[in-house]
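Before any comments, here is the structure.
Numbering (my numbering), first residue to last: 2 to 426.
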């Protein structure tokens, strides 16, 4: 499911970026192409009139010459030449400033007349685009103008550099487009993987939570089922004689109930909508009240609790959530402090944060287990005999982070463990 979602996201990102890129490049090339084509067409459509004299000379306005090959090229029209032909395509006049052999002009005329379309021909190693139009030409006899049949003008414009420029532009755009598309694809893969990473982690955590919860629930259910089977087997016995099995079943029910409550608390801690309005909270009072709840348990184990709690340490936060987190941390400290051990509680406040340190003596946490201590259902091998469900610290961490704070743990094996909590004021 996540792979399909990633592929859809990848396709969407890469599709949009590649479409935008290709559209932009096509637009650049199209603009350049049509601009070049327009300039060439302007040169091809430039109109000139010729007057051809009877002896084969040409009259240009009042100026006359006997030369068949004339130079009447306009510099601002680029490199070009004109051919005046009859209706059979025979060259009558060559209007050119180029030093080309006569055979090249005749070859150009034959190729153009054969195709009779606005195409390009290659003459003397260069590309020429041509256009055939009816020509305005007059034959001069004794200073009188008479028609000399149909004549046609074939204009040849040098488009070699223009074509090269378009080819270079095309190749450049193709190269840049390929590189950018490859880069966009890599970026799309990166960002699509990054986008689904939180969903992937959530999905994996959910699956792991379900598996762990199922495993944890299986143990008390098995205990209850086994003890009920014993009671059914001894149904003729008195209740008093079966109290041991009833007690075991009751403990299983209590453990399962506690586990369910812890799971609900974790789910509640992870749901943002469960938070109520913030208010000014006296964290010192909450800490003292919570310690008092565990004082009897601590006295039973002969644990010394040293408090360094100022009278007025307040923060603008969520009262129920901070109280739940403190309760979990104090319960954890009392639970894992051995007999005759000590617990040190330090509360302090700066301009920006409230600092809470809870240090307890004991066997500590191994380096291997330390990174996992806030994971759901995690319990080290040495703590499995102390009860609990492995959810408390996970709930506390989730709640503290929800308050905008942080929690850290430092442990020295066989000596002490210190939990440090920082909460914004």
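Glycine included, each C-beta is placed from N, C-alpha and C at the ideal position. None of the values given here were measured: they were computed from a predicted structure.
Contact between residue 310 and residue 285 holds: CB atoms are separated by about 5 Å, below the 8 Å threshold. Distance check between residue 317 and each of 237, 305, 404 places 404 closest, using alpha-carbon atoms only. In the structure shown, residue 102 falls within a coil segment according to DSSP collapsed to helix, strand and coil.
Annotation: residue 353 to residue 425 spans about 6 Å, alpha carbon to alpha carbon. DSSP links residue 328 through a beta bridge to no other residue. Looking at the DSSP output, residue 43 sits in no beta bridge, so it has no partner there. Using a C-beta cut-off of 8 Å, the segment 364-379 makes contact with the segment 398-417, since at least three inter-stretch Cβ pairs fall below that distance.
Under the three-state reduction of DSSP output, residue 153 falls in the strand class. Under the DSSP assignment, residue 360 falls in the beta strand (DSSP E) whose first and last residues are 354-362. If you draw a straight line from the Cα of residue 232 to the Cα of residue 259, it is about 24 Å long. Distance from the CA of residue 124 to the CA of residue 110, rounded to the nearest whole angstrom, comes to 11 Å. Between residue 400 and residue 296, the gap from beta carbon to beta carbon reaches 8 Å or more. In the structure shown, residue 12 adopts helical secondary structure according to DSSP, grouped into three states. Taken through DSSP and simplified to helix, strand or coil, residue 317 comes out as strand. Pairing residue 282 with residue 323 gives a Cβ-Cβ distance under 8 Å. If you look at residue 345, you'll find it in the beta strand (DSSP E) that goes 343-350. With fewer than three CB-CB distances shorter than 8 Å, the segment 175-195 does not count as touching the segment 91-110. Beta-bridge analysis with DSSP links residue 308 to 346. Only exposed fits residue 308, as fewer than 16 other CB atoms lie within 10 angstroms of its CB. For residue 135, the CB contacts under 8 Å within the same chain, skipping 5 residues up- and downstream, are 151, 152, 153, 154 in chain order. Distance between residue 222 and residue 257, taken at the CA atoms: about 8 Å.
Looking at the DSSP output, residue 408 shares a beta bridge with 422. Burial is judged here by how many other beta carbons sit within 10 angstroms of a residue's own beta carbon; residue 237 has fewer than 16 and is exposed. Around the beta-carbon of residue 398, 16 or more other beta-carbon atoms lie within 10 Å, marking it buried.
Under the 10 Å beta carbon count, residue 43 is surrounded by fewer than 16 other beta carbons and is classified as exposed. In this structure, residue 287 keeps its C-beta atom at 8 Å or more from the C-beta atom of residue 253.
In the three-state reduction of the DSSP assignment, residue 239 falls in the coil class, being assigned neither a helical nor a strand state.
With a 10 Å radius around the Cβ and a threshold of 16 neighbouring Cβ atoms, residue 333 comes out buried. If you draw a straight line from the Cα of residue 18 to the Cα of residue 3, it comes to about 22 Å. Here residue 156 really is in contact with residue 83; their C-beta atoms are around 5 Å apart, less than 8 Å.
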